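Peer 1: Residue numbers (my numbering), protein chains in the order written: chain A, 5 to 496; chain G, 2 to 1027.
Even glycine gets a Cβ: it sits at the ideal position worked out from N, Cα and C.
Since the structure is predicted, the reported quantities are computational estimates derived from the model, not experimental observations.
1. At a CB-CB cut-off below 7 angstroms, which residues of chain A make contact with residue 263 of chain G?
2. Closer than 7 angstroms by beta-carbon distance: list the chain A residues that pair up with residue 811 of chain G, in chain order.
3. Pair every Cβ in the region 424-431 of chain A with every Cβ in the region 163-174 of chain A, then say whether three or more of these pairs are closer than 8 angstroms.
4. When you compare the CB of residue 7 of chain A with every CB in chain G, is at least one pair closer than 9 angstroms?
5. Should residue 151 of chain A be flagged as near chain G, meaning a C-beta pair shorter than 9 angstroms?
6. Under the three-state reduction of DSSP, which class applies to residue 582 of chain G: helix, strand or coil?
7. Tell me where the alpha helix (DSSP H) around residue 35 of chain A begins and ends.
8. Whose Cβ in chain A lies nearer than 9 angstroms to the Cβ of residue 328 of chain G?
9. Out of G/504, G/489, G/488, G/487, point me to the one whose CA is closest to residue 495 of chain G's CA.
10. Taking Cβ to Cβ, would you say residue 298 of chain G is nearer than 9 angstroms to residue 325 of chain G?
11. Would you verify that the beta carbon of residue 80 of chain A is, or is not, closer than 9 angstroms to some beta carbon of chain G?
12. Any idea what DSSP makes of residue 145 of chain G, helix, strand or coil?
13. Could you check whether the region 228-246 of chain A touches the region 266-273 of chain A, counting it as contact only if at least three pairs of C-beta atoms, one from each stretch, sit closer than 8 angstroms?
14. The alpha helix (DSSP H) spanning residue 767 of chain G covers which residue range?
15. Below 9 angstroms between beta carbons: does that hold for residue 555 of chain G and residue 575 of chain G?
16. Are the C-beta of residue 788 of chain G and some C-beta of chain A separated by less than 9 angstroms?
17. Excluding five sequence neighbours on each side, which residues of the same chain lie with their C-beta closer than 6 angstroms to the C-beta of residue 79 of chain A?
18. Put residue 19 of chain G into one of helix, strand or coil per three-state DSSP.
19. Can you tell me whether DSSP reads residue 196 of chain A as helix, strand or coil?
20. Leaving out the 5 sequence neighbours to the left and right, which residues in its chain are closer than 7 angstroms to residue 354 of chain A when beta-carbon positions are compared?
21. Less than 8 angstroms between the CB atoms is what I'm expecting for residue 444 of chain A and residue 365 of chain A, so what's the real figure, rounded?
22. Mind checking who residue 10 of chain A pairs with in its DSSP beta bridge?
23. Which of the three DSSP states is assigned to residue 353 of chain A in this structure?
24. Is there a C-beta anywhere in chain A that falls below 9 angstroms from the one on residue 351 of chain G?
25. In the DSSP output, what is residue 492 of chain G paired with across the bridge?
26. Let me know if residue 3 of chain A comes out buried or exposed under the rule of 16 or more other beta-carbons within 10 Å of its beta-carbon.
27. For the alpha helix (DSSP H) that contains residue 666 of chain G, what are its first and last residues?
28. The alpha helix (DSSP H) that contains residue 694 of chain G, what's its start and end?
29. Give me the chain A residues within the contact set of residue 331 of chain G, using Cβ-Cβ distance strictly less than 8 angstroms, ordered along the chain.
30. If you draw a straight line from the alpha carbon of residue 789 of chain G to that of residue 920 of chain G, how long is it in whole angstroms?
31. Going along chain G, which residues have a C-beta under 7 angstroms from residue 126 of chain A?
32. So, is the C-beta of residue 59 of chain A closer than 9 angstroms to a C-beta in chain G?
33. According to DSSP, is residue 100 of chain A part of a helix, a strand, or is it coil?
34. Judging by CA-CA distance, which residue of A/175, A/60, A/146 is the nearest neighbour of residue 345 of chain G?
35. Does residue 142 of chain A get closer than 9 angstroms to chain G when you measure Cβ to Cβ?
36. Which chain A residues are close to residue 805 of chain G, counting only those with a beta carbon under 8 angstroms from its beta carbon?
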């Protein structure tokens, strides 16, 4: 039997872009023949396989197959799968009833999850498997790594099952040599060399100084990159991806800090602003990396901390501080990017010109700053982000839905680094749809993975044709630099 | 409490259906009632509904007579816009401080002409229509409101906000009823008891953005939807999308919004009613618009009530309502045209995305904060779910003696349960205040009746719009104009709702003003409404039987909705026929006979004992028959109630109280052998043992004959000793028998014999029962593995807590609906249970030490004989069929007979007790009247025509006709028939049989029926004649 369909129809059916379908056809993921009238002819079996892969109800069922399916009763002795034996056994995944037992099996989570159905799994099945003791199967599965831990499932769960916590536990139980290589390597390198990419200290310092000099010449007279400035108020970390691939991206923050007259510093050692211990489910690594930051603050006698680039890093650090170093939180203030920018704005330390950005602009919530912060720390940074964005543009539109109900970009939880590209794009289809529906031409976000996913991946896969900026990039570009040189005075 | 300080008055707080029922039962039982209502009119939530399940009656039409009854009862004082501030004192003697908020309209003066409202310049959103329509700042809550008095919304009123402005209403009000200086006042009421019927509020889904409520116009709540469907609603009953008024093609109902949720709200409980009302709304849509696709997204369809399962099944199979077991996580817009996107996982675990036009959120019930605060102030204990804390054994008693509760304040419940609760609370109050019964009440003598027998007929015709029920189809103006042309019609009037309070007053006025002596009401059915209009005639001073109803709604507007012209013509025909008939109507007097002040209670289970004890405390003599050798019934097998109360202890106390009560006589091993008589005067033959018989005279009967259990034929029951029924298991568990004590793994199988083709009903209590047993097992040894295999978990109401508790303890719930029932086979030392998992869609194999079957509850087969003796109907499932599923849940069409407990339908203990109390209230209300008026619509013999052929004697089903000798005017001894006025039910079979026209049923004489037929065949007067 042949399923005859158009690329557009198939794209709509799977909720992905037509480019994605074309990519599947061209790469052989979906074998299809060109047919009359820009149609494609797909063998029923191939189509079925694709439906199965994303666990979607096939739209087209040939009569023969339908008859065959109904004839094959689910329990025909030939095809019946081996039953799961339930009995008295201990279940190491099962540490608290809140992780699985209380589940109503209502399906809310599986309906909300953007990658539900991938590999025939979804959050409800994960919870159920954990509950029924199928731990080995779960740990061996790739799904917990394809999942971005976005927490949409958890946010909709009527019983507050801690699904993300369960998934982190599954990741943690995975043998270290079985976890995605990039994540493992990032953690190992960070522990050994101080940052995820193993950038040598001298290279980093030279680059930082050089970028500072450039900044001084272009827009911030007198700027010098502050490194190990003892007694500075604010310690700022650096995401190793930036010096490695995009050094000028570091300077947006520097420009803002300069404009605000902030007293700040970067540490020469352990300046890394990522914490992939969180993604790897490696709590000991996570703790070590956070301890390094605490040591830096103590060494440099700072009183505040900013992790400027990444949602997960803020979350991991704050989480680790609250869990293992609660006394440190008493000693210094931990800023989110939003807190700090709003403080500058409200105190008049920076002034922003909305006219600097006339494109229709929207804000994409990072799951860690939004939903996860709300759940774990009691406050999600939704309104702050919008206040700041609106201050830098003339036209703003919200994505629907957003805030607590928002969708992940598809690249969180380490997925940007993972080898599951097809799933990551599939996941991002909802974000792409939302952006498309909003009509926005500029997407602002507060996390580097979100930015990269939308900018580099979704843009191409879904023909979005949008510009993507960091919030601080938007702010830096909207800064009205005071000509009187008040900033310089304070720096001096 | 010494009797001399007791007060024979009662405060009922809350004027919803439950409070109204309590008030009516008490007022008719000899107590004065203050009915305190916080809004401007009584009625509660029910007037907002379109229809009610599972009877699909029009909600307004069935509540309206009760509203009017409350409104004109001489012993009910309705206090609207009033709230209780404080209660002091103790049982028997309370002082209640009530704050009456200003109405700004003097109810004594207001004639509800509506001029004020039509001229009021200020429109605001109407909360009665859930903000989908506008009302004025001066308004009535709804057209049929009782009392029908206008009120001013002080927040909206221009004058009250700006004293120098507006004031139009005061200028134009004909009786000058407006008073802007009205101030609140406080009343101190002295009462002997208090009933809290505080009601509920619907959950507000706008609290979170997830459902899109308040964000997207095409997301509405079920209550809003109810208003859309209602003929009196903002769209006049026409369904259209709120956003663009386009016809709706696809509707999705999302269940459990604001229920069974500890994330988006703190309502962990199940709201009990939403599954059924969603089905009802879906059915209403499907009936009106069969092409509309309706889907209900649910977790468990909870349809455990009587006839609920059939209703569900009918919706699914006959009407094509689609049911999808999936909880929808949220609603998102699709495009910008108002469409809504739902993404969910279907029963096969596949991802599905759907677009719908309209989303209906089935919102749950919760107790308003103000009510929680009031309860706290008075010292009533509340449950964690914020409902009144009650014991299953005393389901209407609060923690404060003398303060009772009923309705949804006792936990989410439907209308029948609320009505039962209202009556049950009334019964409990009656028992408490019995010594001071009739001390605070007054009886108003009816106005003297004028003799109209010698007057020319002057007929008044009252034509009802029934909102839009009639007027939406029939051209009522034309019918009215036509009626005025009929001979001897002296007056014609049209009314929006003829049954509303104001129209009743108007009718009384017009009868006396126009000298009317025959009345035709062209409206709905006499079955529900004639008693109301008869009272109206009575208060107008004419004989109550001089009325005829023309049913131009049920038999006309409802069935000919698509043909307005022919419907109008038929309405004229019906009116003409009614006029022809009423012209020959004669005055009749009911027969008054004294009532025997005792009650026969059949069945010595908990329901029977509860009813007996309550009625005995109310001062009546009780005869309780029990067919076995001991009291207790099915409760003898129960260990605990859903919230863990110990049943055996309660049962022991109840038995002792019954056995020791001086006014209760118990006959063991006794059954009813024969019954004669009628309401107020029954004579029943009781057979005790195998031979002894005795006769008992009693005024009322309560049937509480219980039910029996199903003996399973499935799941290897009786073949494998480790497979047992749940009642057997309880016994084994209680004695810690080795199979239980050593068991490590237990499997419960639900719906064994219930919800099958043969028995399409839910046994209601088994889910809760199994979960309780499971929790107990788990508590005894947490390492035990316990599995509950179910189709739908029906832990309705606050029982949801134990379902949550069970899961929290690690009990595994597996749904076998989709993949078929589990298979059981013997294994070496235990039992192997094979079942498919509903989430993983994989087979599971459980090695169980015991398998426990939740077997169905069956109707008692002995009910058939009893039903025949009392002439009572049984449902298809063999349970006693009450008079009306909604508003008469313990009564029958046969007066004086009441039902309670499992004889009515399977139910948990607390509901049996409530129902028993309600039955006691009804019996008590009957006996309190001391005498009974028998319907005079009975057969009358014309001795001139009767030739004593005696054909009528043979056909009379009530044995009311006998041959009798008499001497005629010439002194010749002749035979004729006589009719026993008490036994005759006026069925008319004799009249149809008599070849000589010698016997006629009053009100339906052959002459009247012939006149009606002639009128029907007459061609209506040509247009020109009008």
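Peer 2: With the given structure in hand:
1. Result: 162, 163, 164.
2. Correct list: 101, 105.
3. Two segments are said to touch when three or more pairs of C-beta atoms, one from each, lie closer than 8 angstroms; by this definition the region 424-431 of chain A does not touch the region 163-174 of chain A.
4. At a cut-off of 9 angstroms between beta-carbon atoms, residue 7 of chain A makes no contact with chain G.
5. By this cut-off, residue 151 of chain A is not an interface position.
6. DSSP, read as helix, strand or coil, puts residue 582 of chain G in helix.
7. That residue, residue 35 of chain A, is in no alpha helix (DSSP H); it is neither H nor E in DSSP.
8. Those are 108, 110, 111, 112, 115, 160, 162, listed as they occur along chain A.
9. It is G/504.
10. Contact annotation: residue 298 of chain G and residue 325 of chain G have beta-carbon atoms nearer than 9 angstroms.
11. Confidence in residue 80 of chain A is poor, its pLDDT being 43 and thus under 50, which makes the residue's placement too unreliable to answer from.
12. When DSSP states are grouped into helix, strand and coil, residue 145 of chain G belongs to the coil group.
13. Verdict: yes, contact present.
14. Segment 767-781, the alpha helix (DSSP H) holding residue 767 of chain G.
15. Cβ atoms of residue 555 of chain G and residue 575 of chain G: not closer than 9 angstroms.
16. For residue 788 of chain G, the nearest CB of chain A lies under 9 angstroms from its own CB, placing it at the interface with that chain.
17. In this predicted model, residue 79 of chain A has a pLDDT of only 42, less than 50, meaning its place in the structure is not dependable; the value taken from the coordinates is given anyway. Once the five neighbours on either side are set aside, residue 79 of chain A has no close Cβ partner at all.
18. Looking at residue 19 of chain G - three-state DSSP - the assignment turns out to be helix.
19. Residue 196 of chain A falls in the helix class under three-state DSSP.
20. Closer than 7 angstroms at the Cβ level, and outside the excluded window around residue 354 of chain A, lie 260, 263, 264, 348, 483.
21. At roughly 6 angstroms, the Cβ-Cβ gap stays under 8 angstroms, so residue 444 of chain A and residue 365 of chain A are in contact.
22. Residue pairing for residue 10 of chain A: DSSP places it in a beta bridge opposite A/43.
23. If DSSP states are grouped into helix, strand and coil, residue 353 of chain A belongs with coil.
24. Contact of residue 351 of chain G with chain A is assigned, a C-beta pair being separated by under 9 angstroms.
25. Per the DSSP secondary-structure output, residue 492 of chain G pairs in a beta bridge with G/461.
26. No answer is possible for residue 3 of chain A: it lies beyond the span of chain A, which begins at 5 and ends at 496.
27. In the DSSP annotation of this structure, residue 666 of chain G is not part of any alpha helix (DSSP H); the continuous beta strand (DSSP E) holding it starts and ends at 665-668.
28. Note, residue 694 of chain G: premise wrong, no alpha helix (DSSP H); beta strand (DSSP E) at 693-699.
29. Proximity of chain A to residue 331 of chain G at the Cβ level (cut-off 8 angstroms) is accounted for by 116, 160, 405, 409, in chain order.
30. Approximately 36 angstroms between the Cα atoms of the pair.
31. Against residue 126 of chain A, the close residues of chain G are 346, in the order they occur along the chain (beta-carbon pairs closer than 7 angstroms).
32. At a cut-off of 9 angstroms between beta-carbon atoms, residue 59 of chain A makes contact with chain G.
33. The DSSP-derived three-state label of residue 100 of chain A is coil.
34. Comparing Cα positions, the closest option is A/60.
35. For residue 142 of chain A, no Cβ of chain G is located within less than 9 angstroms of the residue's own Cβ.
36. Within chain A, the residues near residue 805 of chain G are 106, 163.
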